[in-house]
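Protein chains in written order, with the working numbering: chain F, 842 to 1166; chain G, 842 to 1166; chain C, 65 to 416; chain E, 65 to 416.
From the three backbone atoms N, C-alpha and C, an ideal C-beta is built for every residue, glycine too.
Keep in mind that this is a model prediction, so the values were computed, not measured.
Since the structure comes first, as structure tokens, the remarks are kept for the end.
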Amino acid sequence: MTEIVLREALKRGLEEALENDPSVFMMGEDIGEYGGAYAVTDGFLKKFGPDRIKDTPISEQAFLGAGIGAAVAGLRPIIEFMSISFTLVAFDQIVNMAANLRYMSGGQISVPMVIRAPTGAGVQLGATHSQSFETWLAEVPGMKVVCPSNSYDALGLMRSAIKDNNPVLVAEPALLYGTKGEVPDEYYEVEIGKAYVTRTGSDVTLISYGYGMRLVNEAADKLAERGVSAEVIDLRSLSPLDMDAIVASVQKTNRVVVVDTARRIGGIMAEVSAELQQRAAEWLDGPVMRVGSDDVPWPYNRGLEREVLTDADDVLKAVAEGYGL
Amino acid sequence: MTEIVLREALKRGLEEALENDPSVFMMGEDIGEYGGAYAVTDGFLKKFGPDRIKDTPISEQAFLGAGIGAAVAGLRPIIEFMSISFTLVAFDQIVNMAANLRYMSGGQISVPMVIRAPTGAGVQLGATHSQSFETWLAEVPGMKVVCPSNSYDALGLMRSAIKDNNPVLVAEPALLYGTKGEVPDEYYEVEIGKAYVTRTGSDVTLISYGYGMRLVNEAADKLAERGVSAEVIDLRSLSPLDMDAIVASVQKTNRVVVVDTARRIGGIMAEVSAELQQRAAEWLDGPVMRVGSDDVPWPYNRGLEREVLTDADDVLKAVAEGYGL
Amino acid sequence: MVNPTKSSSKSKSKPAKSSKNGKSGAVGPDESDVAASTDHRELFRQMFLIRQFELACGENYSKGLIRGFLHLYIGQEATGVGAISALRKDDYIVSNYRDHGHALARGVDINRSMAELFGKATGTSKGKGGSMHLFDVVKGFMGGHGIVAGQLPLAAGLALAQQYQKTDGLTMCFFGDGSTNQGVYHETLNLAAVWKLPVLFFLENNMYGMGSSIERVRAGGIDFYPGLATYEIPAVEVDGMDVLAVKEATEIAVERIRAGGGPQFIEAKTFRFGGHSVADGQKYRGQEEVKEWETRDSVVAFPLKLIEMGLVTKDQINDVKAEVYEAVAKSVEFAEQSPNPDPKEIHNDVFA
Amino acid sequence: MVNPTKSSSKSKSKPAKSSKNGKSGAVGPDESDVAASTDHRELFRQMFLIRQFELACGENYSKGLIRGFLHLYIGQEATGVGAISALRKDDYIVSNYRDHGHALARGVDINRSMAELFGKATGTSKGKGGSMHLFDVVKGFMGGHGIVAGQLPLAAGLALAQQYQKTDGLTMCFFGDGSTNQGVYHETLNLAAVWKLPVLFFLENNMYGMGSSIERVRAGGIDFYPGLATYEIPAVEVDGMDVLAVKEATEIAVERIRAGGGPQFIEAKTFRFGGHSVADGQKYRGQEEVKEWETRDSVVAFPLKLIEMGLVTKDQINDVKAEVYEAVAKSVEFAEQSPNPDPKEIHNDVFA
Ligand SMILES: Cc1ncc(C[n+]2csc(CCOP(=O)(O)OP(=O)(O)O)c2C)c(N)n1
Ligand SMILES: Cc1ncc(C[n+]2csc(CCOP(=O)(O)OP(=O)(O)O)c2C)c(N)n1
Ligand SMILES: [Mg+2]
Ligand SMILES: [Mg+2]
């Protein structure tokens, strides 16, 4: 076991793949000479050279699309976006091309490509730079979407994502790059499509992913103080979504709160909530409680941003409101 | 009262605005000389001239964005997309600019712009041309999204959309352009943000919008045959969403099925379902049942497309499964 | 760098003149060359095949057996056939929604192509793609694509792989005049140029993007190739109604790319004789313009020229025609008789 | 059409030479003109104000009082000040995230600007926008914008409104070299040209897009203006370190636009002396290059030149400086002392 920050874990996953598989290469803005906007690829250019670490123009449509082409031809491109907010300019390529090509070609084509992007609000970047589009992309058939909340998952999911034969979005919580966590020295993978029960409990299930795990863990601690035993689930994979794990937990606790640090409205937690109705309604002692950030654009001011951003107190409030705990 | 097809109703709304308000003008691909891909603007170029009916290059980012600028400067642009599928190439402009500008400027700016786009599957256009992105845009704070299911609403909503001081997406169900409906001769508007109970009933609430209204009406007819009284709600407005009307109906019927002809997964019906949990869980005799199309890209073959597309039978099945009716 | 040839025609309603530049203009074939004669016959066969295939598509659309959007290649046959004849088997081709001609010229099976348009299980994409999405990966035919200009980065990426894998293969990418107004077109040209990708950008300038004459929607007039200088991409213009001129211009560009010259650009001036799709009434243009272009129909003119030059006989032409009629009729039969895909198929091919 | 001036400098590490074209080059002012002297002093005041403002921003970022992304305009002062000085009050200005200089040159209140960076309720956007999103609609300052090149269509649309309303106003749009690689840039240029919109595209070519030297990411080298010929948009290059040259080039372009000449394009060669944002360690470039450009610092050179030419006295310069120091200090004080927005503010300004 070694303790490394999440950034390092991602980096290790990338580095390993670059070392072991010559068909793996990277593209993105300022990933080379600059070392990456969040320093994930720092040192890569020197180590792997410009053929494999490709600095791109600010042309997200073109380089994401070129990644698709390279993947179709048998390579394993890894594309970095400086922010998930900038995926919007390439949404057509992601949704209409990467995700649809296999189906439209009757299965002749596969697109083994990884898209990496920092996601989420919390550092005062304002309305255009603080979004969480992983929740939209998780709704696109043909796409897989994962989001690690810790170093272990970051490395394990990255390994799986690079090996996957489909387009996989790895959404990296920007607020967690510097967060430490233990990582085994021996090789392991984290399977895409499997949620993880990070803490077992019997009274209420708290579900989140990415940065939201901070909140639910904090809430679970506070609940424990007052004798409420929370089970905590980290989705890890937004698509495929591991409804089986979620349903199993709810069948045990009969209470559930879903939590997203992205906007409360819409997104992946609306999906989890709706699907729970279909698959576990009879097990529930109350409504599926939903917690998330306010339905407004992200403001710059620190206080306002904190006000919009949901927190552990909101989770506790939801537990109380929904289930009187 | 006059009976006109939905296309004509939209056309009347546009024509009226062009006649009465010199700040209204239109932009879009082939809306002028060609007459519009779905002929909604047929004859407009001749009547209003090229300054007001602007044929654009195939540059959705630029002309949608130019619409934003013109709106900011006080005009009331109406932008036509040939298909809602093509909004993807302009998603950044819609989401990051149109919807955010007011907030980012601290309220100094407003964007009174209408975006019109045919939406939905059903005519064998395949994976890239059959999508329903109104459900994503309905999640964006700052955007309003409406979708008429009949001529009356088409005209009434178009009038309100053009008068609104915010960006409003009018999603036009492509399958309904030729569907007839009655429209009053005197002036009226349909308020954005208000759902409509199209049929009152006591046993179960069926909720849908746009082309989905065909299905729920058909299902309601069949339910009536066997003595089940369905209340039917047409959302009409996906954002703002009229949860009050939905909750009121569910409090009466205690049973609810939400129906989308877009994919079942995600989207607006996940939102309605999740929110119903929070606001009406105690009134429900069973789970919020959710009906929609399969979670796959749209295939071309007619039989396959029909297989993917949800239908009235699926609605009946959900009523039976959820509530034994 | 190839010097762009200056177009002599500036009017929108006039067919493009044969390029005056000998290099890319029509050059008489060596009359003593038997192989060339076979080649010529093959070029004609392909053009005629495409024409008849497209006519059959139109008919079967009227009958309701083909649905969705249907964009025919009628009028542009010489362009696709000439261009693709200059490629090797290991090259890639990427097309847009007007893709039947490119697929057939590439040798994609005619039966499976027609079956795809009929939406049948035997289709190239198992009936899931339709007219706009023919694919045959074994043949290097990497698809028709429905979003205007959306196929350009795909082509750049295929070329990137060819470069990365140190092959001397290349990728040919077709697109229309209207698609140059999409931002992604420019992003891709720049990327390809910066990275010197082995990609041949092939513009089929048929003067219209749906109902929009280029002159109404493009600053810079009807010639696109001079603008490529901005990206330092060598560009030439060629008469897209002249299959030999297209072939030769393409051969030159292909050679340069294989020699490591990076991306090249060819603009073929051509014309679709029909509407944008079969649903288009063509209110936006006069019939004289269409008629004038039709006088240069390569499917008619090319065999006449071959006969005149004594390169083939009338009988040989008739033999080709008979063969084509039969092949097309059979493809329709094949498509009609093929089964629809199993409804369960909807869940396949979503993930690899 | 203005003939593009050929740049004489081809090396990336050399500051751009003053344009040789007399029209857009630095021209000595009429020494007897008192009004001009005031103008010169005002130009200097603005440049010096921006410089001091930016230095204060940097300091307060270090203190944690300004957060998020902070992109400073240091080095580029002459460009924004010269350009904006040629505008009328009823013209619009659109900027990107490097917007402080443009806002101040436009006369946006310095206190409210600084307050916005501090996220205060008294800020231009009530603290909701931050550094990248200064707005002052009354002044026609239509925003800083965070998505690279995303502001270009906004500018085209404002210009479209000016044209539609038959005013002779125009819209000036600032953008960087890196942003020309976004597709929307090309879409907008074409649209503006086809519709002859009264928009002045103002490229601040500071040779880098974040850590990317243009030569690494752009085909076609360091000069952008020649490429505008493709869109038939008249384009000139100007020395962005020379405030008078910029002013004059802009005046000419503005005049052409007001006369109905449609869009115009100016490329100013300039340089940011610091990092892309305050978080940038500039590993991607050597300090000699920066130093060389710093020798041409307009904030230093311009007042010296004015004194040398006898247009202003040293005392006058010092008076301006004193005034600026005070204004900037006051703005920081104002920002510090201003209240944070009420938490309830989060729900305002979503809908009109
Ligand atoms: C992004 C996008 N916008 C609009 C369309 C609708 N559309 C399909 S083809 C076409 C015209 C394209 O013209 P051109 O590129 O010249 O090709 P041609 O059809 O002439 O071969 C348009 C507008 C689309 N498919 N994608
Ligand atoms: C679409 C998009 N991609 C990437 C970014 C991140 N980014 C912000 S500024 C910048 C560099 C822009 O360079 P340039 O246009 O030359 O302007 P400069 O900063 O030099 O003034 C990048 C890559 C962004 N904001 N938007
Ligand atoms: Mg065309
Ligand atoms: Mg720059």
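Would you mind sorting C:N382 into buried or exposed? The rule is 16 or more other CB atoms within 10 Å of its CB. exposed
Quick one: does F:N861 have its CB under 7 Å from some CB of chain C? no
Is any beta-carbon of chain C found at less than 7 Å from that of F:V846? no
Please classify C:F377 as buried or exposed, where buried requires at least 16 other C-beta atoms within 10 Å of its C-beta. Per the sequence shown, residue 377 of chain C should be read as Thr rather than Phe. So C:T377 counts as exposed.
Runs of 4 residues minimum, wholly inside the segment 283-341 of chain C: which ones carry the alpha helix (DSSP H) assignment? 307-320
Determine whether the Cβ of F:G884 lies closer than 7 Å to any Cβ atom of chain E. No, because no Cβ of chain E sits closer than 7 Å to the Cβ of F:G884.
Assign C:K385 to one of three DSSP states: helix, strand, or coil. helix
Any heavy atom of ligand 3 nearer than 6 Å to the CB - residues listed: C:G240, C:D241, C:G242, C:N270, C:Y272 and C:G273
Do G:Q1119 and F:P1128 have their C-beta atoms closer together than 7 Å? yes
E:G207: contacting residues in chain G (beta-carbon distance under 7 Å): S946
Could you name the residues of the segment 964-976 of chain G whose beta carbon sits closer than 7 Å to any beta carbon of chain F, in the order they occur along the chain? G967, A968 and T969
When you compare each of G:E980, G:N991, G:F889 and G:G884 to F:I1106 by their alpha carbons, which one comes out closest? G:E980
Checking 7 Å against the spacing of the C-beta atoms, do G:G961 and G:P1014 come in under that value? yes
Is G:A939 closer than 7 Å to G:P1008 when the C-beta atoms are compared? A contact, by the Cβ cut-off of 7 Å.
Do C:D155 and C:G221 have their beta-carbon atoms positioned less than 7 Å apart in this structure? no
Would you check whether ligand 1 has a heavy atom nearer than 6 Å to the C-beta of G:V930? yes
What are the start and end residues of the beta strand (DSSP E) that includes F:L1010? V1009 to P1014
Going by CA-CA distance only, name the one from F:V1011, F:R1147 and F:G854 that's closest to E:D406. F:R1147
What residues match up with F:D1075 in a beta bridge as DSSP calls it? F:Y1037 and F:S1049
Where does C:E95 fall in DSSP's three states? Unreliable positioning characterises C:E95 in this predicted model, as indicated by a pLDDT of 45, which lies under 50. The coordinate reading is nonetheless provided below. Correct three-state label for C:E95: coil.
Endpoints, the alpha helix (DSSP H) within which F:V1149 is located: R1143 to V1149
Might you give, ordered along the chain, the residues of its own chain that have their beta carbon closer than 6 Å to the beta carbon of F:L847, omitting 5 neighbours on each side? The beta carbon of F:L847 sits closer than 6 Å to the beta carbons of S992, A995, L1017, Y1018 and T1020 from its chain, once the five residues preceding and following it are set aside; these are given in chain order.
By how many angstroms is the C-alpha of C:S101 removed from the C-alpha of C:P93? Caution applies to C:P93, whose pLDDT of 42 falls short of 50 and renders its modelled position unreliable; the value that the coordinates give is listed next. Their backbone Cα atoms lie some 9 Å apart in a straight line.
Alpha helix (DSSP H) segment containing G:D994, residue limits: S992 to K1004
Which residue from F:E849, F:A1161, F:G1165 and F:E1162 puts its Cα closest to that of F:M999? F:E849
Within 7 Å of chain A by C-beta, residues of the segment 278-290 of chain C in sequence order: Among the protein chains in the structure shown, which are F, G, C and E, there is no chain A.
Under a CB-based cut-off of 7 Å, is C:C172 close to chain E? Contrary to the premise, residue 172 of chain C reads as Val rather than Cys in this sequence. By this cut-off, C:V172 is not an interface position.
Rounded to a whole number of angstroms, what is the C-alpha to C-alpha distance between E:Y272 and E:S341? 12 Å
Taking Cβ positions, are F:V1045 and F:V1160 nearer each other than 7 Å? Yes, these two residues count as a Cβ contact at 7 Å.
Can we count G:E927 as close to ligand 1, meaning its CB is less than 6 Å from some heavy atom? Checking the sequence, you will find Phe at residue 927 of chain G rather than Glu. Within the cutoff, so yes.
Cut-off 6 Å between Cβ atoms - residues of its own chain near F:A907, not counting five sequence neighbours on either side: none
Would DSSP call F:R853 helix, strand or coil? helix
Chain-ordered neighbours of G:N937 on chain C, where CB pairs are closer than 7 Å: Those within 7 Å of G:N937 in chain C number zero; the least Cβ separation is about 15 Å.
N-terminal and C-terminal residue of the alpha helix (DSSP H) that G:K887 is part of: F885 to F889
C:A393 versus C:I330, C:G242, C:V212 and C:S177, residue with shortest Cα-Cα distance: C:S177
Hey, could you find the ends of the alpha helix (DSSP H) G:S973 is sitting in? Here G:S973 belongs to no alpha helix (DSSP H), and DSSP marks it neither H nor E.
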